[in-house]
Amino acid sequence: MNCSKTEKAGGLTARSRQGIRETLSRLHNDIEARLRVIRDSHNDWLCRMGCDTCCRQLADMPRFSAEEWKLLQDGLATLSQEQLQKIEENIAASTGQPGTNFVCPLLDRSAGACMVYSFRPVVCRTYGFYVRRGKGVYCNKIESCVDEGFLAGVIWGNHDAIDQRLNSLGETRELSDWFAERKK
Ligand code: SF4
């Protein structure tokens with residue numbers, strides 16, 4: 214029986230999975246292009262290797278779609294058993310503490326770097342470079358620069374448009390929920 218068009222996994226047809234994959238890939242490319250423009254015009258942009266402020270001040274556990282989780286798992290596959298164990302411990306320590314400033318479980322705290330940087334979700338890619346409903350999606354360091362007028366020429370990315378595109382990727386779950394699924 215040829216069921217290639219109707220075969221489902223996780224409730225999605227192969228065709229719609231492909232569409233979601235392409236949407237995410239285009240999103241990444243568009244975000245990267247926006248970041249490049251901003252960085253090219255500001256060589257000393259604050260968001261760079263060595264600054265992990267935003268990863269240390271999360272309001273909530275990172276939340277993202279299944280396709281982003283799939284990509285993130287590719288990143289997890291590059292980590293050692295010790296690193297994975299550490300992530301699990303970090304998740305356990307931060308679960309159940311919503312609304313508090315907690316450190317992202319995927320941050321290598323001693324190196325001050327994301328353990329899965331190339332595989333990180335969209336929410337992390339846009340942070341520091343976008344504006345949502347007129348409000349900056351960035352940390353208080355950038356906010357200070359904005360307030361002091363140092364970044365007047367920046368053409369910020371439009372996070373409302375990103376949100377719309379993210380919606381088309383389907384339901385989102387918290388990192389801790391995706392991680393728990395991984396163990397089943
Ligand atoms: S996934 Fe990586 S970039 Fe995103 S908050 Fe966590 S450590 Fe930071």
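Start counting the sequence shown at 214; every next residue gets the next number (our numbering). Built from N, CA and C at the ideal position, the CB exists for glycine as well. As the structure is a prediction and not an experimental result, all values here were calculated from the model.
Residue i versus residue j: straight-line alpha-carbon distance, rounded
i, j, result
"glutamate 220", "glycine 232", "Residue confidence is low: glutamate 220 scores 45 on pLDDT, short of 50, so the model does not pin down where it sits. No coordinate-derived value is stated."
"aspartate 253", "aspartate 376", "25 Å"
"arginine 395", "alanine 365", "44 Å"
"leucine 388", "glutamate 361", "35 Å"
"alanine 272", "alanine 227", "35 Å"
"lysine 159", "phenylalanine 342", "Any property of residue 159 remains undetermined from this structure, which presents the chain solely from 214 to 397."
"serine 278", "histidine 255", "31 Å"
"alanine 306", "serine 229", "36 Å"
"leucine 289", "glutamate 281", "12 Å"
"glutamine 270", "leucine 225", "35 Å"
"arginine 338", "arginine 276", "13 Å"
"proline 318", "cysteine 327", "9 Å"
"serine 381", "phenylalanine 363", "35 Å"
"cysteine 303", "tyrosine 340", "In the sequence as presented, cysteine is not what sits at residue 303; that position holds asparagine. One C-alpha to the other measures close to 22 Å."
"methionine 214", "asparagine 242", "Bear in mind that a pLDDT of 35 at methionine 214, under 50, signals an unreliable position, so the model cannot answer this."
"methionine 274", "tryptophan 391", "11 Å"
"threonine 291", "lysine 348", "36 Å"
"asparagine 314", "lysine 397", "29 Å"
According to DSSP, residues forming a beta bridge with residue i
i, result
"valine 344", "Gly349 and Asn371"
"cysteine 327", "Leu320"
"serine 278", "Thr385"
"phenylalanine 315", "Leu271"
"leucine 259", "Answer is none; leucine 259 lacks a bridge partner."
"leucine 364", "Its beta-bridge partners do not exist; DSSP assigns none."
heavy atom of the ligand SF4 below 7 Å from residue i C-beta
i, result
"valine 359", "no"
"cysteine 337", "yes"
"arginine 247", "no"
"tyrosine 330", "yes"
"leucine 320", "yes"
"leucine 379", "no"
"cysteine 268", "yes"
"leucine 271", "yes"
"arginine 333", "yes"
"cysteine 317", "yes"
"cysteine 264", "no"
"cysteine 260", "no"
Beta-carbon spacing of residue i, residue j below 8 Å
i, j, result
"valine 350", "valine 359", "no"
"arginine 378", "leucine 240", "yes"
"threonine 266", "cysteine 352", "yes"
"aspartate 321", "arginine 346", "no"
"valine 329", "cysteine 268", "no"
"arginine 244", "valine 367", "Just to set this straight, residue 244 is isoleucine in the shown sequence, not arginine. Not a contact, by the Cβ cut-off of 8 Å."
"glycine 370", "arginine 247", "yes"
"glycine 325", "glycine 263", "yes"
Beta carbon proximity, residue i to chain D, threshold 8 Å
i, result
"isoleucine 304", "The displayed structure is made up of one protein chain only, and chain D is not part of it."
Residue i: CB within 7 Å of a non-hydrogen atom of the ligand MN
i, result
"cysteine 327", "Here the bound small molecules are the ligand SF4; the ligand MN is not part of this structure."
Checklist entry - Counting pairs of beta carbons, one from the region 279–294 and one from the region 332–343, are three or more of them closer than 8 Å? => result yes
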